[in-house]
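Asker: Numbering (full-length UniProt numbering), first residue to last: 22 to 716. Ideal Cβ positions, reconstructed from N, Cα and C, are used throughout, including at glycine. One structure, as structure tokens, below. Some questions next.
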Ligand code: BDP
């Protein structure tokens, strides 16, 4: 057994009591036949039964089944007994039904894909050791589009990828379908992910050439049985660069026609193609503004090209410009707020969780709540660009949830990001969530055995933004490792703390964007003068002899004014602002008195040391886990934690020594002194940092 199998490794059930129950249910199975999705579901159930129980279920007639699986119109009278309500959105039911002397477990749905989801959910019950005697589960996805965004380049490098190269072997496609593609699709479907954007948002035009459309088609065909649609990132200037046109102006008729023809060409090969993801006028990418038009003009033009085929446009709000003399945190809002309501129905605006860039902690993006007529989707980053790459154990679900549970107050109290995302205020419009994939060619897919939990939890949370991070960690640990409580309890606890630990040793108290330049590896609070101010660290922490932090209140950039009054007061008024966001919104003196009674300087130092100590604790806890984990993974995690510890120490030492040059205050002697001086940490060079994929 290897961690290639992810949370679908179907280990033998240890608990003999439930195993007997499972065997009885699985001994006689009616499985409706039909579509490729039902076949995939059937295959999965058989695979699961083999692994979990070492049995091959016997296929029986509908009336004989202890387990009945099929679409509602395939399960006869049982349909009436499950009373599912509307399941047209690929939801499913799993019910234990008593019919006279017969007890039968029914897994059913309106759609084929719903049945597949139901089968995965049923398997999960057994993987997590649940009693299946009285099941009564109805689930519906709360968002329509649940996509991974691969930042994969055609040459197989992965921008910000820390798990090897791209899993898409473009050279061997379309002729060769790697088993990995199927396993990828299974893993996605098991958590409800229903789409994948194959290529980097910094898009290469080659993706739209006929040869690559055929390659994408081969992937789409492989994924279809698992309900995964294929999408592409497109470069806005494609009509010029690929089509030879003079312009890519979205209002130009030849440009419109070019995109219409291109869309038609794609749909000819991939009839259920999902649509386009677009990064425009951001970080050097071309866009409608290049031609004096706005984001809505650009998005709608592409929307029109896709609309006849039912495709969608995911238009990114990640825009900022070094030439705009305003706080970077304000720029997306300033660009998109005036365009509210101007987007076509098949366009959705994709917004990162925070206004800067996937930092260890950011306040929720002010665009959530600000646009009331435009559907917004949330983009989170599974690949740990700012969270220690693939060497740090950081479970990100608490980070996703922090954003989703945040209250925007846009329509009064309770207007959370999650509620907005689910389309509660814009019924019938598109709803979606995207995760920047952390997947590569590493045997364990994600580089770190625990990084798989970020892929897993993304799917669960995209399906249900109200889901609970601890519950998801619990399920993932059980499915991936063991149901042994002696493992589950401590490791769940470690996972739940892990993100806060990373915040503490990297960017405590609202600090942000102080990582190393370019590669974004390790600390770089001293980063200045690298071509553009908004890519430096000093732009964000603004440390000086008087204090530290970015004043985003009315006396500063006033970014806080982009929030609704309740939120504005929460972050903007010093007496309300939680410590976690303090230096994001306020520039404060080094001797500012914190809630803890400590000075700001001492509190900052304390946080850095606490963060590192927490990694040490985690290492200790992991040592105790040896009896419950196979030696390969035990060893992998042990080594990675040692690396994480070293890097956490480097973050701490670099940051406290650097900020001390401004505070001029001592580090409490109760803490171990940094082993080296600041000069040493500044001089460290890390050539060949992963993740700088060039396309
Ligand atoms: C940043 C990455 C950069 C991406 C960009 C984006 O550093 O590589 O291209 O986001 O989201 O986080 O477009």
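Taking residue 658 as the reference, give the member of 141, 196, 262, 414 with the closest Cα.
Answerer: For residue 658, the nearest C-alpha among the options comes from 414.
Asker: When you compare only the Cα positions, how much space is there between residue 272 and residue 430?
Answerer: The straight-line gap from Cα to Cα measures roughly 37 Å.
Asker: Is residue 181 a contact residue of ligand 1, with contact defined as CB to any heavy atom under 6 Å?
Answerer: At least one heavy atom of ligand 1 is nearer than 6 Å to the Cβ of residue 181, so yes.
Asker: For the beta strand (DSSP E) that residue 91 lies in, which residues bound it at each end?
Answerer: First-last of the beta strand (DSSP E) with residue 91: 88–92.
Asker: Which residue wins for smallest C-alpha separation from residue 708, given the options 543, 282, 62?
Answerer: The option with the nearest alpha carbon to residue 708 is 543.
Asker: List the whole-angstrom C-beta distance separating residue 462 from residue 72, where the pair is believed to meet the contact cut-off of C-beta under 8 Å.
Answerer: Not confirmed; about 25 Å, so no contact.
Asker: Decide if residue 192 is buried, meaning its Cβ has at least 16 other Cβ atoms within 10 Å, or exposed.
Answerer: Answer is exposed; the Cβ neighbour count stays below 16.
Asker: Looking at C-beta atoms only, is the number of pairs between the region 666–675 and the region 636–656 that lie closer than 8 Å three or more?
Answerer: Because the criterion of three Cβ pairs below 8 Å is met, the region 666–675 and the region 636–656 touch.
Asker: Between the region 464–476 and the region 229–236, do three or more beta carbon pairs fall short of 8 Å?
Answerer: Too few Cβ pairs lie closer than 8 Å, so no.
Asker: In three-state terms, what does DSSP make of residue 445?
Answerer: If DSSP states are grouped into helix, strand and coil, residue 445 belongs with coil.
Asker: From the DSSP secondary-structure annotation, give me the bridge partner or partners of residue 175.
Answerer: Residue 175 pairs with nothing; no bridge assigned.
Asker: Rounded to the nearest angstrom, how far is the Cβ of residue 294 from that of residue 330, given a contact under 8 Å?
Answerer: Sure, about 7 Å apart at Cβ, within 8 Å.
Asker: How long is the line joining the alpha carbons of residue 408 and residue 527, rounded to whole angstroms?
Answerer: C-alpha separation (whole angstroms): 9 Å.
Asker: Compute every distance between the C-beta of residue 357 and the non-hydrogen atoms of ligand 1, then say whether any falls below 6 Å.
Answerer: No, the beta carbon of residue 357 sits no closer than 6 Å to any heavy atom of ligand 1.
Asker: Kindly examine ligand 1 and report whether one of its heavy atoms sits closer than 6 Å to the Cβ of residue 565.
Answerer: Result no, Cβ not under 6 Å from ligand 1.
Asker: Measure the alpha-carbon distance for residue 713 versus residue 457 and round it to whole angstroms.
Answerer: Residue 713 and residue 457: Cα-Cα distance of roughly 15 Å.
Asker: Which two residues bound the contiguous alpha helix (DSSP H) that contains residue 38?
Answerer: Taken as a continuous stretch (DSSP letters only), the alpha helix (DSSP H) holding residue 38 covers 37–48.
Asker: Is residue 337 helix, strand or coil by DSSP?
Answerer: Reduced to three states, the DSSP call for residue 337 is strand.
Asker: Grouping DSSP H, G and I as helix and E and B as strand, with all else coil, what is residue 371?
Answerer: Correct three-state label for residue 371: strand.
Asker: Helix, strand or coil: how does DSSP classify residue 234 here?
Answerer: Note: residue 234 maps to helix in three-state DSSP.
Asker: Can you tell me whether residue 158 is helix, strand or coil according to DSSP?
Answerer: Of the three classes helix, strand and coil, the one that applies to residue 158 here is strand, per DSSP.
Asker: Apart from the five residues on each side of it in sequence, which residues of its chain come closer than 7 Å, Cβ to Cβ, to residue 679?
Answerer: Correct list, in chain order: 546, 547, 699.
Asker: Does the beta-carbon of residue 434 have 16 or more other beta-carbons within 10 angstroms, so that it is buried, or is it exposed?
Answerer: It is exposed - the Cβ of residue 434 has fewer than 16 other Cβ atoms within 10 Å.
Asker: From the DSSP output, read off the bridge partner residues of residue 254.
Answerer: According to DSSP, residue 254 bridges with 298.
Asker: Would residue 315 and residue 150 be called neighbours here (beta carbons separated by less than 7 Å)?
Answerer: Going by C-beta atoms, residue 315 is not nearer than 7 Å to residue 150.
Asker: Let's test the definition: count the other Cβ atoms within 10 Å of the Cβ of residue 522 and tell me whether it reaches 16, buried, or not, exposed.
Answerer: Buried, by the Cβ-count rule.
Asker: Can you name the start and end residues of the alpha helix (DSSP H) that residue 145 belongs to?
Answerer: Per DSSP, residue 145 belongs to the alpha helix (DSSP H) from 133–148.
Asker: Exposed or buried, which one is residue 14 when buried takes at least 16 other CB atoms within 10 Å?
Answerer: In the structure displayed, the chain extends from 22 to 716; residue 14 sits before or after that span and is not available.
Asker: Using DSSP's beta-bridge definition, name the partner residues of residue 120.
Answerer: According to DSSP, residue 120 bridges with 123.
Asker: Suppose you measure from the CA of residue 327 to the CA of residue 251; what does that come to, to the nearest Å?
Answerer: For residue 327 and residue 251, the distance between alpha carbons rounds to 14 Å.
Asker: What are the start and end residues of each continuous alpha helix (DSSP H) run of 4 or more residues lying completely inside the region 523–589, in chain order?
Answerer: Those alpha helix (DSSP H) runs which fall completely within the region 523–589 and span 4+ residues are 559–562.
Asker: Considering only the beta carbon of each residue, do residue 671 and residue 629 sit closer than 7 Å?
Answerer: The answer is no: Cβ separation not under 7 Å.
Asker: Could you check whether residue 141 and residue 128 sit closer than 7 Å to each other, using their CB atoms as the reference points?
Answerer: No. Outside cutoff.
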